[in-house]
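Visitor: Be aware that the sequence shown starts at 1, since it is given in the UniProt record's numbering, and climbs by one per residue. Here it is, the structure in full.
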Amino acid sequence: MHYTLKHLRYIEAAERHQSITAAAEALAVSPSSIAAAIDHIEAQLGQPVFARVPSRGIGATSFGRKIIDEIRLLLVAQARFDGKIADLEQRIDGTARIACFTPLAPILLPTILCEVRERYPNLMIEVVEGNWEEVVRAVDTGDADFAFCYGLINELAYRFLPLFVGHPHAALPASHPLASGRFVTLEQLAPEPLVVLDLDLSRRYLMDLFATRGLKPNVAYSARSTDMMRALIAAGMCYGIFNIRPMSKQTYARGDLVRLPLAGEHDAPRAGVLTRRDVNLTAVCEAIIATCELQAMRGEFDRAFVRPYLPQDF
Numbered sequence: 001m002h003y004t005l006k007h008l009r010y011i012e013a014a015e016r017h018q019s020i021t022a023a024a025e026a027l028a029v030s031p032s033s034i035a036a037a038i039d040h041i042e043a044q045l046g047q048p049v050f051a052r053v054p055s056r057g058i059g060a061t062s063f064g065r066k067i068i069d070e071i072r073l074l075l076v077a078q079a080r081f082d083g084k085i086a087d088l089e090q091r092i093d094g095t096a097r098i099a100c101f102t103p104l105a106p107i108l109l110p111t112i113l114c115e116v117r118e119r120y121p122n123l124m125i126e127v128v129e130g131n132w133e134e135v136v137r138a139v140d141t142g143d144a145d146f147a148f149c150y151g152l153i154n155e156l157a158y159r160f161l162p163l164f165v166g167h168p169h170a171a172l173p174a175s176h177p178l179a180s181g182r183f184v185t186l187e188q189l190a191p192e193p194l195v196v197l198d199l200d201l202s203r204r205y206l207m208d209l210f211a212t213r214g215l216k217p218n219v220a221y222s223a224r225s226t227d228m229m230r231a232l233i234a235a236g237m238c239y240g241i242f243n244i245r246p247m248s249k250q251t252y253a254r255g256d257l258v259r260l261p262l263a264g265e266h267d268a269p270r271a272g273v274l275t276r277r278d279v280n281l282t283a284v285c286e287a288i289i290a291t292c293e294l295q296a297m298r299g300e301f302d303r304a305f306v307r308p309y310l311p312q313d314f
């Protein structure tokens with residue numbers, strides 16, 4: 001289910017005021033914003049949260065009352081969370097050493113660290129990038145306090161805070177015949193020239209996607225960076241499979257690319273924060289991780305991934 005805290009606040013206010021118009025006035029937004037939030041959540045849930053009564057406003061359905069009770073619990077927890085963040089902001093300084101899986105670093109870190117810098121201007125932050133094994137090793141040896149990576153971990157030794165799920169999607173040259181569709185299948189892609197990221201974990205994951213469906217991809221190129229992969233794709237030379245995408249429009253020396261969800265269900269790793277269970281994090285690290293959690297709740301990483309097309313969608 002996809003929603004934001006804004007959606008939940010609007011729905012809670014609508015039930016509290018028993019009126020879309022009154023809720024809009026209380027929150028200083030337009031009635032259409034409240035109505036759109038209700039429509040969105042009801043579409044996600046597949047049944048009505050409110051009953052519309054002409055001339056009498058709205059009222060929660062029996063199902064809606066249960067949902068709104070849960071929404072209020074979540075909003076109270078979020079307010080508590082914000083209070084803790086505000087308290088931390090009064091007294092946080094020091095250094096945090098962060099490891100980051102290379103494909104995630106240029107996409108996630110600017111969003112995360114910009115807000116961290118605004119909240120905690122006295123922090124020093126050291127960042128090291130690497131492949132998955134290098135990132136985990138940095139956390140194990142203490143060279144990094146925590147890491148941003150995919151959550152393929154031993155849960156007895158590590159804690160993992162997921163920020164979002166990286167569903168695999170295809171990036172195709174804009175001129176490719178398949179680029180005009182709403183989705184694409186691995187069966188359609190398998191014969192086409194493919195570029196792979198030359199990192200062990202990434203390559204194994206990609207090969208497993210095809211092997212699960214009894215397919216063998218046509219690997220034509222190998223690249224050491226996702227930037228090079230995207231450049232080759234935009235130039236019309238191949239396609240690629242990614243779990244994350246840049247959150248702003250990219251430009252290329254030649255051509256452009258289109259991203260399409262893969263049809264069906266596929267193994268999808270969680271992207272998030274990795275820490276060791278036997279290590280007590282400093283207040284600096286706790287503050288940064290709490291900021292990431294708040295950003296995830298606000299939906300600030302939503303542009304970093306492509307939602308899949310599941311069987312009922314096609």
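Glycine is no exception: its CB is placed at the ideal position from the N, C-alpha and C atoms.
Start and end of the alpha helix (DSSP H) containing residue 286?
Guide: In the sequence shown, residue 286 corresponds to position 286, counting from 1. From DSSP, the alpha helix (DSSP H) with residue 286 extends over 283-298.
Visitor: Indicate whether the contact test is met: 3 or more Cβ pairs, each with one atom in the segment 132-144 and one in the segment 96-105, closer than 8 Å.
Guide: yes
Visitor: Using the three-state DSSP reduction, which class does residue 177 fall into: helix, strand or coil?
Guide: Indexing the sequence shown from 1 puts residue 177 at position 177. Of the three classes helix, strand and coil, the one that applies to residue 177 here is helix, per DSSP.
Visitor: Report the CB separation of residue 149 from residue 274 in whole angstroms; it is logged as a contact under 8 Å.
Guide: Locating residue 149 in the sequence shown gives position 149, where the first residue counts as 1. Locating residue 274 in the sequence shown gives position 274, where the first residue counts as 1. Indeed they touch by this definition, with Cβ atoms about 5 Å apart.
Visitor: Assuming residue 145 and residue 282 are in contact, meaning their beta carbons sit under 8 Å apart, how far apart are those beta carbons, in whole angstroms?
Guide: The count along the sequence shown starts at 1 and reaches residue 145 at position 145. The count along the sequence shown starts at 1 and reaches residue 282 at position 282. Contact holds; Cβ gap of about 7 Å.
Visitor: Using beta-carbon positions only, say whether residue 44 and residue 63 come within less than 7 Å of one another.
Guide: Working through the sequence shown from its first residue, we reach residue 44 at position 44. Working through the sequence shown from its first residue, we reach residue 63 at position 63. No, they are not a contact pair.
Visitor: For residue 221, would you say it is in contact with chain C, using Cβ-to-Cβ distances shorter than 7 Å as the test?
Guide: Looking at the structure shown, chain C is missing, and only one protein chain is on hand.
Visitor: Shortest alpha-carbon distance to residue 195 belongs to which of 298, 59 and 170?
Guide: Here residue 195 refers to the residue found at position 195 when the sequence shown is read from its first residue. Cα-wise, what sits closest to residue 195 is 170.
Visitor: Is residue 265 helix, strand or coil by DSSP?
Guide: As a first step, residue 265 is located in the sequence shown; it is residue number 265 there, counting from the start. In this structure, residue 265 counts as coil in the three-state DSSP scheme.
Visitor: Can you list, in chain order, the residues of its chain with a C-beta nearer than 7 Å to that of residue 285? Leave out the 5 residues immediately preceding and following it.
Guide: For this step, residue 285 is matched to residue 285 along the sequence shown. Contacts found: 96, 145 and 146.
Visitor: Any contact between the segment 123-130 and the segment 296-305? By contact I mean 3 or more CB pairs, one from each, below 8 Å.
Guide: no
Visitor: Can the beta-carbon of residue 41 be found closer than 7 Å to that of residue 17?
Guide: Taking the sequence shown and counting its residues from 1, the one referred to as residue 41 is at position 41. Taking the sequence shown and counting its residues from 1, the one referred to as residue 17 is at position 17. It is not a contact, given that the beta carbons lie outside the stated cut-off.
Visitor: Residue 222: beta carbon under 6 Å from a heavy atom of the ligand NAD?
Guide: What this structure holds is no ligand at all, so the ligand NAD is not there to describe.
Visitor: Under 7 Å, do residue 308 and residue 176 count as touching if we go by C-beta distance?
Guide: As a position in the sequence shown, residue 308 is number 308, starting the count at 1. As a position in the sequence shown, residue 176 is number 176, starting the count at 1. The answer is no: Cβ separation not under 7 Å.
Visitor: Under a Cβ-count criterion, where at least 16 other Cβ atoms within 10 Å of its own Cβ denotes burial, should residue 118 be classed as buried or exposed?
Guide: Taking the sequence shown and counting its residues from 1, one reaches residue 118 at position 118. Result: exposed.
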